[in-house]
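**Student:** Each residue of the sequence shown is one higher than the one before, counting from 1 in my numbering.
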Amino acid sequence: MKITISAFFTPMLLFLLKTSLTAQTITGAWRGKINNTPVELKIIKSGDSLSGTAYYYTSKNNYRRYAIKGYFDGRTNDVIWWDDWLIEDHSRKPLSASQEARLNVADFNCPGEDEMLLDGNSSLKEDIESPKKELHLQKTNEHLFNDEWDWVIENYFVGANDPYVIDSINQLQGSMPFPEEKEILAAKPPTAEPVTIGKPKVSAGNTPAEKEISSSPIKSPEEKFSSRKKVVQTVIPITAKTIELRFYDNAQIDGDSIALFLNNRMIFKNIRLTDQPYTVKLNASELNEDNELVMVAENLGSIPPNTSFMVAIVGDKRYEARLYANENSSAVIRLVKPKDQ
């Protein structure tokens with residue numbers, strides 16, 4: 001009889017434990033609206049980091065799907081996530097701005113025993129000046145779209161929360177293309193054939209030709225900042241009084257130099273990237289709710305493009321990102337204060 005009771009209660013206890021844990025986690029499927037656009041969101045938590053996918057849709061056959069990245073603060077229940085890159089576009093016509101890549105800031109709250117909500121605001125990821133729109137999502141056991149994250153969500157508490165499993169799914173989903181530095185090989189000079197040079201014939205009307213000199217003016221960092229496209233490459237939550245940013249050369253040390261602009265104002269220039277960090281400290285009290293730090297390539301070094309490895313220390317949190325910039329675009333880091341900061 002004892003064996004029978006044990007055999008009955010063990011799976012029951014595991015089921016109840018799984019149900020209790022599931023009810024308290026942000027991992028899962030979420031549905032609702034962002035800027036009045038229907039959205040299905042699948043969030044997977046690994047440590048403090050979030051990954052997954054987002055669908056902006058008008059129907060099951062008319063949607064745009066993004067890979068997402070983000071962070072969750074379990075102490076405050078603050079959530080920040082953004083559409084990292086476009087995976088699929090199955091829209092029958094161009095989608096509106098409400099379905100472009102977005103940056104979202106929300107509060108994870110549980111007003112009822114079986115009710116979990118994400119409430120906050122959303123703005124266009126690539127436009128810090130865009131108006132913030134409302135965001136309201138509710139956790140659900142049902143989903144309209146099937147993908148590789150469904151298995152992870154269903155088995156999250158029985159092994160699928162392993163970072164190796166989550167990283168593997170992320171690799172299958174793909175990531176934003178990152179240009180690697182490639183050394184430019186100098187072209188081999190052509191072998192000159194022997195030439196017999198005779199005495200030149202000069203007519204009376206000939207005058208020596210003036211050597212044409214062409215030179216392109218060197219642009220200032222401010223000109224490069226204003227003329228190049230700005231591409232958001234990561235987002236950092238502001239959750240401490242000081243943000244420490246460390247910049248390294250991401251690959252071979254080849255003479256890369258950068259300038260940094262904070263909210264359209266240059267704060268540093270002529271920063272040479274090496275294997276030793278160039279450290280920048282920002283005071284959170286002097287920052288806005290939403291900020292743009294732009295890394296402009298002053299030169300590309302001998303191996304373009306200009307790539308940097310950035311480490312951000314925010315309180316006891318550490319964030320890492322690979323950044324790139326060239327003569328056409330600059331890297332943007334959005335520094336965002338969560339809702340209750």
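Glycine included, C-beta positions come from ideal geometry on N, C-alpha and C.
Measuring only the C-alpha atoms, how far is S227 from V332?
**Tutor:** Their Cα atoms are separated by approximately 14 angstroms.
**Student:** Between the segment 317 to 327 and the segment 288 to 301, are three or more C-beta pairs nearer than 8 angstroms?
**Tutor:** The segment 317 to 327 vs the segment 288 to 301: in contact.
**Student:** What's the call for V158, buried or exposed, on a 16-neighbour Cβ count within 10 Å?
**Tutor:** Looking at its Cβ environment, which holds fewer than 16 other Cβ atoms inside 10 Å, V158 is exposed.
**Student:** Please work out which residues of its chain come closer than 8 angstroms, Cβ to Cβ, to T53, disregarding the five sequence neighbours upstream and downstream, and give them in chain order.
**Tutor:** Contacts found: L41, K42, R65, Y66, A67, I68, I87, D147, W149, Q173.
**Student:** Given this structure, state the Cα-to-Cα distance separating P221 from I169, to the nearest angstrom.
**Tutor:** Approximately 40 angstroms, taken between the alpha carbons.
**Student:** If you run the structure through DSSP and keep just helix, strand and coil, what is L41?
**Tutor:** Of the three classes helix, strand and coil, the one that applies to L41 here is strand, per DSSP.
**Student:** Closest to A29 by CA distance: which of Y156, P111, N121, I128 is it?
**Tutor:** Of Y156, P111, N121, I128, the residue nearest in Cα terms is Y156.
**Student:** Could you check where the alpha helix (DSSP H) with E222 kicks off and where it finishes?
**Tutor:** Taken as a continuous stretch (DSSP letters only), the alpha helix (DSSP H) holding E222 covers 221 to 227.
**Student:** Please say whether T279 and E244 have beta carbons closer to each other than 8 angstroms?
**Tutor:** Yes; because the gap between Cβ atoms is below 8 angstroms, this pair is in contact.
**Student:** Can you tell me whether M116 sits near the ligand ATP, meaning its C-beta is under 7 angstroms from at least one heavy atom of the ligand?
**Tutor:** The model on display carries no ligand, and the ligand ATP is accordingly not part of it.
**Student:** Where are the alpha helix (DSSP H) runs, 4 residues long or more, that stay fully inside the segment 75 to 123, in chain order?
**Tutor:** Within the segment 75 to 123, no complete alpha helix (DSSP H) run reaches 4 residues.
**Student:** With distances taken between CB atoms, is the gap from G315 to T234 smaller than 8 angstroms?
**Tutor:** For G315 and T234, no; Cβs fall outside 8 angstroms.
**Student:** According to DSSP, simplified to helix, strand and coil, what is E212?
**Tutor:** Low per-residue confidence applies at E212: pLDDT is 48, beneath 50, and the placement is therefore not dependable, though the value from the model is reported in the following sentence. DSSP places E212 in coil when its eight states are reduced to three.
**Student:** For F309, write down the residues that DSSP places opposite it in a beta bridge.
**Tutor:** Per DSSP, Y248, R322.
**Student:** Pair every Cβ in the segment 261 to 268 with every Cβ in the segment 290 to 297, then say whether three or more of these pairs are closer than 8 angstroms.
**Tutor:** Judged by Cβ distances under 8 angstroms, the segment 261 to 268 makes contact with the segment 290 to 297, as three or more pairs qualify.
**Student:** Helix, strand or coil for S130? Go by DSSP, reduced to three states.
**Tutor:** Note: S130 maps to coil in three-state DSSP.
**Student:** Who are the Cβ neighbours of N139 in its own chain at under 6 angstroms, not counting the five residues just before and after it?
**Tutor:** With the sequence shown as reference, residue 139 is identified as Lys, and Asn is not the correct amino acid for it. For K139, where only same-chain residues beyond five positions count, the Cβ hits under 6 angstroms are G28, W30, M116.
**Student:** Could you give the first and the last residue of the continuous beta strand (DSSP E) run that contains L172?
**Tutor:** From DSSP, L172 is part of no beta strand (DSSP E) but of the alpha helix (DSSP H) over 163 to 173.
**Student:** Does the beta-carbon of Y57 have 16 or more other beta-carbons within 10 angstroms, so that it is buried, or is it exposed?
**Tutor:** Buried is the call here.
**Student:** Spell out the partners DSSP gives F157 in its beta bridges.
**Tutor:** According to DSSP, which records beta bridges pairwise, F157 is partnered with nothing at all.
**Student:** Kindly indicate which residue of V336, V311, D167, R265 has the alpha-carbon position closest to the one of S285.
**Tutor:** Of the listed residues, the one whose Cα sits closest to S285 is V336.
**Student:** Strictly by DSSP, which residues pair up with N283?
**Tutor:** Per DSSP, T242.
**Student:** Can you tell me which of the three DSSP states D48 falls into?
**Tutor:** If DSSP states are grouped into helix, strand and coil, D48 belongs with coil.
**Student:** Along the chain, where does the beta strand (DSSP E) that runs through I34 open and close?
**Tutor:** I34 -> beta strand (DSSP E) spans 28 to 34.
**Student:** Check this for me: beta carbons of R265 and V311, under 8 angstroms apart or not?
**Tutor:** In this structure, V311 does not lie closer than 8 angstroms to R265 by Cβ.
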